[in-house]
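Only one structure is covered here, and it is reproduced in the block below.
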Amino acid sequence: MFLAAARERASELGVADAVTFVQGDAGVYEPERAAFDVASCIGATWIGGGISGTIELLRPALRPGGRLLIGEPYWIEPPPAEALAAFGFGPGEDFVSLVGTLDRLEASGLELVEMVLANPDTWDRYEASQWRTVAAWLAANLDDPDHAAMREFLDHGRRTYLEWGRRYLGWGVFVTQPR
Numbered sequence: 008m009f010l011a012a013a014r015e016r017a018s019e020l021g022v023a024d025a026v027t028f029v030q031g032d033a034g035v036y037e038p039e040r041a042a043f044d045v046a047s048c049i050g051a052t053w054i055g056g057g058i059s060g061t062i063e064l065l066r067p068a069l070r071p072g073g074r075l076l077i078g079e080p081y082w083i084e085p086p087p088a089e090a091l092a093a094f095g096f097g098p099g100e101d102f103v104s105l106v107g108t109l110d111r112l113e114a115s116g117l118e119l120v121e122m123v124l125a126n127p128d129t130w131d132r133y134e135a136s137q138w139r140t141v142a143a144w145l146a147a148n149l150d151d152p153d154h155a156a157m158r159e160f161l162d163h164g165r166r167t168y169l170e171w172g173r174r175y176l177g178w179g180v181f182v183t184q185p186r
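Everything in the sequence shown is counted per my numbering, starting at 8 for the first residue and increasing by one.
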């Protein structure tokens, strides 16, 4: 769905011949070396075990002067243990602050050159759109064997966001270039 929408938008913008979309398992994908001006991982740095590993997966694809985009949550302020538990994070399995994200980028040899951060309203809209989508699925799939698990997912996710996420969790897309 997203790939089709991206191709359609590229066509609308008249840049379809200038971009390449690749669908597959990013954790094992081996791009042509130095083939792309931009490589990105938006919201899925788990493919490389976190920011640093994901950067190492993407870096070989960049042409000299290319940009690497990383979309990643960050802590607005240090969350209490209850918030970490609600999000399902164990020891050492969580995000860092904005400056901690900068530290991770710099430790990977990247320079932060731009960033776009979600504000509370856009973050709310993102979260709420997920709630609507799952609620619509629940209404349309009353007899599905996953119905109870999806209901629990929705209820837990909504409560966790409202209780902890809105206060402690931010989101950003970080535009970097190799140093």
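Built from N, CA and C at the ideal position, the CB exists for glycine as well.
Query raised in the report: How about A46 and L75: do their beta carbons lie closer than 7 angstroms?
Result: Numbered from its first residue, the sequence shown carries residue 46 at position 39. Numbered from its first residue, the sequence shown carries residue 75 at position 68. Going by C-beta atoms, A46 is nearer than 7 angstroms to L75.
**Report entry** Same chain, Cβ closer than 8 angstroms to A23, five either side skipped, listed in chain order
**Finding:** As a working note, residue 23 is residue 16 in the sequence shown. So the qualifying residues of the chain are R14 and A17.
**Report entry** From W178, E170, G172 and W138, residue whose alpha carbon lies closest to that of E159
**Finding:** For the purposes of this step, residue 159 is taken as residue 152 along the sequence shown, with counting starting at 1. Comparing Cα positions, the closest option is W138.
Query raised in the report: Can you tell me whether S59 is buried or exposed, with buried defined as 16 or more other CB within 10 angstroms of its CB?
Result: Counted from its first residue, the sequence shown places residue 59 at position 52. Its Cβ having fewer than 16 others within 10 Å, S59 is exposed.
Requested in this report: Answer yes or no: do I54 and G73 have a C-beta to C-beta separation smaller than 7 angstroms?
Outcome: For the purposes of this step, residue 54 is taken as residue 47 along the sequence shown, with counting starting at 1. For the purposes of this step, residue 73 is taken as residue 66 along the sequence shown, with counting starting at 1. In this structure, I54 keeps its C-beta atom at 7 angstroms or more from the C-beta atom of G73.
Report task. Report the three-state DSSP secondary structure of P152 (helix, strand or coil). Result -> By 1-based counting over the sequence shown, the position of residue 152 is 145. Here P152 carries a coil assignment [DSSP, helix/strand/coil].
Query raised in the report: If you check the beta carbons only, do M122 and G179 fall under 7 angstroms apart?
Result: Residue 122 sits at position 115 when you count from the first residue of the sequence shown. Residue 179 sits at position 172 when you count from the first residue of the sequence shown. Contact flag set, yes.
Query raised in the report: Looking at L105 and Y81, is the spacing between their C-beta atoms short of 7 angstroms?
Result: In the sequence shown, residue 81 corresponds to position 74, counting from 1. In the sequence shown, residue 105 corresponds to position 98, counting from 1. Result yes, Cβ atoms of Y81 and L105 sit closer than 7 angstroms.
Query raised in the report: Hey, would you say A181 sits closer than 7 angstroms to L124, going by beta carbons?
Result: Residue numbering aside, residue 181 sits at position 174 when the sequence shown is read from its first letter. Residue numbering aside, residue 124 sits at position 117 when the sequence shown is read from its first letter. Sequence check: residue 181 is Phe here, not Ala. No, Cβ-Cβ distance for F181 and L124 is not below 7 angstroms.
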